[in-house]
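Engineer:
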Amino acid sequence: MEGQLALTMFIVVCGVLLLGFPVALTLGGTALGFAALGILIGHFDSDYLTALTGRIFGTMSNETLVAVPLFILMGVVLERAKIAEDLLANMAGLFGERPGGLGVAVIIVGALLAASTGIVGATVVTMGVLALPSMLRAGYQPQLATGTICATGTLGQIIPPSIALVLLGDIMSSAYQQAQLRINIINTDTVSVGDLFVGAMVPGVVLVILYLTYVLLRAALQPASAPAAVVDKTDARTAVLAV
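FYI, the numbering for the sequence shown is 1094 to 1336, going by the numbering used here.
1) Can you have a look at phenylalanine 1164 and say buried or exposed, based on whether 16 or more other CB atoms are within 10 angstroms of its CB?
2) Buried or exposed: where does phenylalanine 1103 fall if 16 or more other Cβ atoms within 10 Å of its Cβ makes it buried?
3) State the CB to CB distance for the pair threonine 1245 and glycine 1203, rounded to an integer number of angstroms; the pair is presumed to be in contact (CB under 8 Å).
4) What did DSSP end up calling serine 1209 once you bin it into helix, strand or coil?
5) How do the segment 1219-1231 and the segment 1269-1279 stand: do at least 3 beta-carbon pairs fall below 8 Å, yes or no?
6) Under 8 Å between the Cβ atoms of alanine 1160 and valine 1259?
7) Which residues mark the beginning and the end of the alpha helix (DSSP H) in which glutamate 1156 is found?
8) Is the segment 1249-1263 in contact with the segment 1284-1291, if contact means three or more CB pairs nearer than 8 Å?
9) Going by Cα to Cα distance, which pick from Gly1292, Thr1241, Met1265 is closest to aspartate 1282?
10) Tell me the rounded alpha-carbon separation between isoleucine 1242 and isoleucine 1200.
11) Tell me which same chain residues have a C-beta within less than 6 Å of the C-beta of glutamine 1234, skipping the five on either side of it?
12) Kindly indicate the opening and closing residues of the alpha helix (DSSP H) around phenylalanine 1290.
13) For the alpha helix (DSSP H) containing glycine 1232, name the first residue and the last one.
14) Specify the secondary structure class of threonine 1241 as computed by DSSP and reduced to three states.
15) Going by C-alpha to C-alpha distance, which of Gln1273, Ile1252, Tyr1304 sits closest to methionine 1294?
This is the structure in structure tokens:
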């Protein structure tokens, strides 16, 4: 019975998300709804709900997780201040006149945004709104343009600082300490978020280099798929939006 309820809960969550409801309300509402259903049919102890407030307080007072809303705030500030637009415009003015230049500009700006906000959605939406129309008007193949933007958006997951690494660091720290206690080892050292940041730096840089290499090779071997754009450097912002 428990397995059927879990499967039903998963299906309900997917269905409600597809209807367009916010993720937070969907997860919380579905959990409370199935908790009430479990209480009615005798498969869930109502005393567990009393621990909900304590769990919320513990999460909100976690020093590691404090970085998550700050990263989200940084992403919103970058979006509202149009800093991403200025970055893309200047990079387009620098590389746009070369074959594959707009693709290179998108990758570099995406990497900078990933390192600034750590948010995948913000990078993809920003690059999609600003760069995709310009790349298509410049004659880029739709597959190459959309693939470049989507691949660049994933850099926010790995280039430090990253929200995913912050959350993973909190989980791995707790798991590491529990594993040490189970084997009767008392050790104050633990897996920190800083360790994850250091470990993810090299893979992130390697990904950026590989993306740049692919776009440049594609432009060299198939010039028609990533042609050079005519960019007016005297007004880069207007140029990148009207290529």
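Glycine included, every Cβ here is placed at the ideal spot set by N, Cα and C.
Structural biologist: Taking the coordinates as given:
1) Phenylalanine 1164 counts as buried, since no fewer than 16 other beta carbons sit within 10 angstroms of its beta carbon.
2) Exposed, because fewer than 16 other Cβ atoms sit within 10 Å of the Cβ of phenylalanine 1103.
3) 3 Å
4) helix
5) Touching, no, given that fewer than three Cβ pairs across the two stretches are closer than 8 Å.
6) yes
7) Unbroken run through glutamate 1156: none, as it is neither H nor E.
8) The segment 1249-1263 is in contact with the segment 1284-1291.
9) Nearest C-alpha to aspartate 1282 among Gly1292, Thr1241, Met1265: Met1265.
10) 7 Å
11) Ser1318
12) 1286-1314
13) It is not in any alpha helix (DSSP H) - glycine 1232 carries neither H nor E in the DSSP assignment.
14) Assigned with DSSP and collapsed to three states, threonine 1241 falls in helix.
15) Comparing Cα positions, the closest option is Ile1252.
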